[in-house]
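Residue numbers (this note's numbering): 16 to 287.
A virtual CB, placed ideally from N, CA and C, is assigned to each residue, including glycine.
Here's the structure, in structure tokens; my notes come after.
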């Protein structure tokens with residue numbers, strides 16, 4: 016099986032407490048791509064790896080994330096979905112298109128609100144330019160179009176771009192991935208315009224069909240009211256139902272205040 020591909024995630028935007036939680040989850044989904052197999056990372060991880068689909072191969076990924084955050088007497092529930100289509104232009108070069116959708120519900124102080132909508136559509140190219148023994152290096156960059164409704168908190172309102180550098184070290188049954196990224200966060204919300212990402216992921220083949228995964232990382236918080244970065248920890252697994260069908264699951268835990276408290280992760284990858 017081929018390897019995974021993950022877009023650069025975007026932290027929460029400036030605005031109301033509910034808007035920040037909604038966009039943090041929606042952006043995470045926008046950035047998450049799944050392509051799981053033994054020895055290689057994928058959803059539910061955020062950390063990218065160096066894998067590509069292979070020339071002429073397609074993948075459709077469907078993900079869902081359900082999260083809750085409680086603060087100041089207000090409860091935020093968010094259900095976020097993403098569809099990601101990827102295609103192997105060559106053995107070492109992929110083209111990816113991602114479309115997110117979010118539904119958020121806010122309860123607090125006697126008020127109830129519900130919002131839903133499409134997010135900003137993203138397109139990326141991923142190129143693995145070095146591979147020697149157990150070490151490989153890849154770069155990935157792309158654009159995000161302002162297709163989401165920025166007035167309702169589902170989009171940046173402007174074109175954004177990102178660039179990432181990834182190193183993978185893999186020797187069965189272990190895999191280790193290092194991810195450094197930068198996002199030019201052009202937006203209409205007064206957010207920080209420079210977002211930096213740093214993360215590490217560890218994978219281990221537990222059986223022929225099951226791979227256990229862990230991910231630790233951080234982002235510059237786009238909300239200017241926060242001085243600390245968002246920091247997260249993800250634990251989960253990827254199970255191969257068939258050669259061309261993978262199911263993944265996990266839990267994402269926020270380790271700092273800007274990050275969502277707890278998020279459940281679920282995904283399905285179909286290769287053809």
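Which residues mark the beginning and the end of the beta strand (DSSP E) in which residue i is found?
i, result
"residue 99", "89-105"
"residue 239", "Element bounds for residue 239: n/a, residue is neither H nor E."
"residue 151", "150-159"
"residue 287", "Counting along the chain, residue 287 falls outside any beta strand (DSSP E), and DSSP gives it neither H nor E."
"residue 83", "73-86"
"residue 113", "108-123"
"residue 142", "137-147"
"residue 198", "189-199"
"residue 203", "Note, residue 203: premise wrong, no beta strand (DSSP E); not H, not E."
"residue 185", "175-186"
"residue 60", "Per DSSP, residue 60 belongs to no beta strand (DSSP E) and is neither H nor E."
"residue 12", "Missing from the structure shown is residue 12; the chain here goes from 16 to 287 and no further."
"residue 263", "260-269"
"residue 252", "245-257"
"residue 272", "It is not in any beta strand (DSSP E) - residue 272 carries neither H nor E in the DSSP assignment."
On a Cα-Cα basis, can you pick out the residue from the options that is closest to residue i?
i, options, result
"residue 94", "88, 130 and 164", "130"
"residue 123", "96, 113 and 85", "85"
"residue 169", "268, 269, 189 and 118", "118"
"residue 126", "230, 258, 160 and 88", "88"
"residue 63", "153, 241, 206 and 261", "153"
"residue 236", "249, 283 and 210", "210"
"residue 203", "148, 271, 246 and 174", "174"
"residue 232", "109, 201, 192 and 77", "192"
Quick one: is residue i buried, meaning 16 or more other Cβ sit within 10 Å of its Cβ, or exposed?
i, result
"residue 90", "exposed"
"residue 186", "exposed"
"residue 280", "buried"
"residue 141", "buried"
"residue 111", "buried"
"residue 128", "exposed"
"residue 205", "exposed"
"residue 272", "exposed"
Given this structure, state the Cα-to-Cα distance separating residue i from residue j, to the nearest angstrom.
i, j, result
"residue 60", "residue 116", "19 Å"
"residue 238", "residue 198", "14 Å"
"residue 99", "residue 226", "22 Å"
"residue 289", "residue 160", "Because the chain is modelled from 16 through 287, residue 289 falls outside the range shown and cannot be assessed."
"residue 156", "residue 121", "34 Å"
"residue 51", "residue 188", "Bear in mind that a pLDDT of 30 at residue 51, under 50, signals an unreliable position, so the number given afterwards is only what the model happens to contain. Going from the Cα of residue 51 to the Cα of residue 188 covers about 14 Å."
"residue 243", "residue 67", "34 Å"
"residue 138", "residue 102", "12 Å"
"residue 224", "residue 240", "44 Å"
"residue 288", "residue 268", "The structure shown does not extend to residue 288, since the chain is modelled only from 16 through 287, so no value can be given for it."
"residue 216", "residue 149", "16 Å"
"residue 190", "residue 147", "15 Å"
"residue 257", "residue 207", "43 Å"
"residue 214", "residue 171", "24 Å"
"residue 109", "residue 57", "15 Å"
"residue 134", "residue 283", "20 Å"
"residue 77", "residue 261", "11 Å"
Excluding the five sequence neighbours on either side, which residues of its own chain have a C-beta within less than 6 Å of the C-beta of residue i, listed in chain order?
i, result
"residue 82", "40, 93, 275 and 278"
"residue 176", "158 and 199"
"residue 79", "96 and 281"
"residue 114", "98 and 136"
"residue 75", "100 and 285"
"residue 194", "62, 63, 181 and 214"
Residues in its own chain within less than 8 Å of residue i by CB, not counting five upstream and five downstream?
i, result
"residue 132", "116, 117, 163, 164, 167 and 169"
"residue 106", "67, 69 and 70"
Which residues in the same chain as residue i place their Cβ atom closer than 7 Å to its Cβ, once the five residues preceding and following it in sequence are excluded?
i, result
"residue 259", "285, 286 and 287"
"residue 251", "59, 228, 263, 264, 265, 266 and 280"
"residue 151", "65, 143, 145 and 183"
"residue 270", "246, 247 and 248"
"residue 221", "227"
Got a sec: is the Cβ-Cβ distance from residue i to anything in chain D below 8 Å?
i, result
"residue 167", "Of the protein chains in this structure there is only one, and it is not chain D."
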